[in-house]
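The sequence shown runs 1 to 406 under UniProt numbering.
Built from N, CA and C at the ideal position, the CB exists for glycine as well.
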Amino acid sequence: MGEEFGEDVPLPALFERAADLYNLSQTTILSEEQVKGAIKLLESCQEKIEQLGLFSANEEKEDISTADLKYLLVPYYVAELCEKLPSSDRLQVVRTSLSHLRAFIRRCDNYNLVPGGEIEALTRDTPASAEVRRIEKVARFKRQRAAEAKLQELKERKERWRRSTQAAGKTSTLEHGEENLPDEDDEEEREAQFAQLSLVLCKAFDQVDMLKKEEDMLIAVQELRSKEGNDAVARGVLEERQARAEVWHKQAAAASKTVIRDPTLAAAVYGKDVIEGRAPVIGNIYHDPRPQQSKPLLFGPASVLQGGLSTERERMVAEVFQPSHRLPTMSIEQAGLAEMEMMRKWNEQNARLRDEANSSWHTEKRQPGEEEGSDDESAAYKARAWDDWKDENPRGAGNTSSKPVR
């Protein structure tokens, strides 16, 4: 392999070896070492092309020799092989391939080998409409089919010429990838090279469109992952602050239950504790035994501040925009569970009452003939007594005024 990268190897031999590896990569899967070797060969070809000055922006396509036309394909081959390299950074691979493809298109455009519409599509700032893209793809497909048909025609013509020369006993020599063709066949070889360039240009534009879409997708995925990472960090910080605030609130609530609010009662309790030995004497006899003010229950940003509130101003600022209402003592889920428990007990109580009512003595059926006679006699006595009372007290007998009874 050392000879392949030597400076003494001529350009046609380097290009021939690189082209063989490229053609092999189109039909089989090459190893990573083979792909890297082919890329190094093509890079050596590119260096020799620049050293020899084969291509210039001041030339036309008619100024390029037929044997040098194939060297225009070097950037395209590099772009194709770069995509076959395994890499964890797919975005970098896509951008490298795009740069080589654009270099190939620019070089071909310098020799007026690229249609004007394709250059406009390549340099377009805003995405084209679906109708415009369809028209461009149809025109590109027609050029590709025409180039393939032209290459097939020239290949068949060359094969017929080879057979005819073999029949005539003529031979041709091949040295370093350059063919010594008769003068009348040089024009056909030139047409074949231009047809090959036209075909490769169509593929290059399709490849650019595909890689640009992939680049946009990879950038969007990268931004999404970065945003998710930032969101995860922010969520972690907020959760940590929330946990710290909850712990502080619980401690403040527990401390507030034991704080004595009445200064007089606090002094009495403190003096009793000192006399009985449960508390030390702090300062002198003029020490103010009033307890420290408990920390206010703060919410919002003020609840996650490191340390306490050192000044009265800070305490007043921290109490701004604090809730003026009583905070809930349970969550919605807990309240729902409590209501469900109440309904369960209520249903059980109603079921128990229904069972008691269904099993009570007054719902039991009476025996036939049992106590029926006594009920009938008592009803008859009541009816007779009522009739006697109505006879003794006729209607209106108790009216002592002169008003008629209505």
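Secondary structure of residue i, DSSP reduced to three states
| i | result |
| --- | --- |
| His325 | coil |
| Leu154 | helix |
| Gly396 | coil |
| Gly53 | coil |
| Pro127 | coil |
| Thr165 | helix |
| residue 492 | Residue 492 falls outside the range modelled here, since the chain spans only 1 to 406, and no answer is possible. |
| Val208 | helix |
| Thr311 | coil |
| Ile12 | Here the sequence assigns Pro to residue 12, which means Ile is not the residue at that position. Helix at Pro12. |
| Leu199 | helix |
| Glu59 | coil |
| Ile64 | coil |
| Ser378 | helix |
| Val320 | coil |
| Ser44 | helix |
| Leu69 | helix |
| Leu113 | coil |
| Ser87 | coil |
With 16 other Cβ atoms within 10 Å as the buried cut-off, status of residue i
| i | result |
| --- | --- |
| Arg384 | exposed |
| Gln26 | exposed |
| Arg162 | exposed |
| Tyr286 | A caution first: Tyr286 carries a pLDDT of 42, below 50, which makes its placement in the model too unreliable to give a value. |
| Leu201 | buried |
| Glu118 | buried |
| Gln193 | buried |
| Ile39 | buried |
| Val114 | buried |
| Arg17 | buried |
| Lys48 | buried |
| Val74 | buried |
| Val35 | buried |
| Gly37 | buried |
| Ala19 | buried |
Run of the alpha helix (DSSP H) containing residue i, from where it starts to where it stops
| i | result |
| --- | --- |
| Ile29 | Per DSSP, Ile29 belongs to no alpha helix (DSSP H) and is neither H nor E. |
| Arg90 | 90-110 |
| Leu353 | 332-358 |
| Glu118 | 116-122 |
| Val78 | 74-82 |
Beta-carbon separation (whole angstroms), residue i vs residue j, contact threshold 8 Å
| i | j | result |
| --- | --- | --- |
| Pro86 | Glu32 | 6 Å |
| Leu41 | Leu14 | 6 Å |
| Ala79 | Ser56 | Not really, about 22 Å apart at Cβ, beyond 8 Å. |
| Lys61 | Asn112 | 6 Å |
| Val94 | Glu215 | 5 Å |
| Leu91 | Leu211 | About 11 Å separates the two Cβ atoms, so there is no contact after all. |
| Leu54 | Asp68 | 5 Å |
| Leu52 | Tyr76 | No, Leu52 and Tyr76 are not in contact; Cβ-Cβ is about 19 Å, not under 8 Å. |
| Ala128 | Ala121 | 7 Å |
| Leu197 | Cys108 | 6 Å |
| Phe141 | Ala204 | Contact flag wrong, Cβ pair sits at about 14 Å. |
| Lys84 | Leu30 | 7 Å |
| Val154 | Glu191 | According to the sequence shown, residue 154 is Leu rather than Val. Indeed, because the Cβ distance is near 6 Å, the residues count as touching under 8 Å. |
Close Cβ partners of residue i (< 6 Å) along its chain, the five nearest in sequence each way excluded
| i | result |
| --- | --- |
| Arg106 | none |
| Leu151 | Ala195 |
| Asp8 | none |
| Lys390 | none |
| Asn110 | Ala57 |
Cβ neighbours of residue i in the same chain (closer than 7 Å, five flanking residues each side left out)
| i | result |
| --- | --- |
| Gln207 | Leu101 |
| Glu148 | Leu199 |
| Arg143 | Ser198, Cys202 |
Own chain, CB closer than 8 Å to residue i, minus 5 neighbours either side, in chain order
| i | result |
| --- | --- |
| Leu11 | Cys45, Lys48, Ile49, Leu52, Tyr71 |
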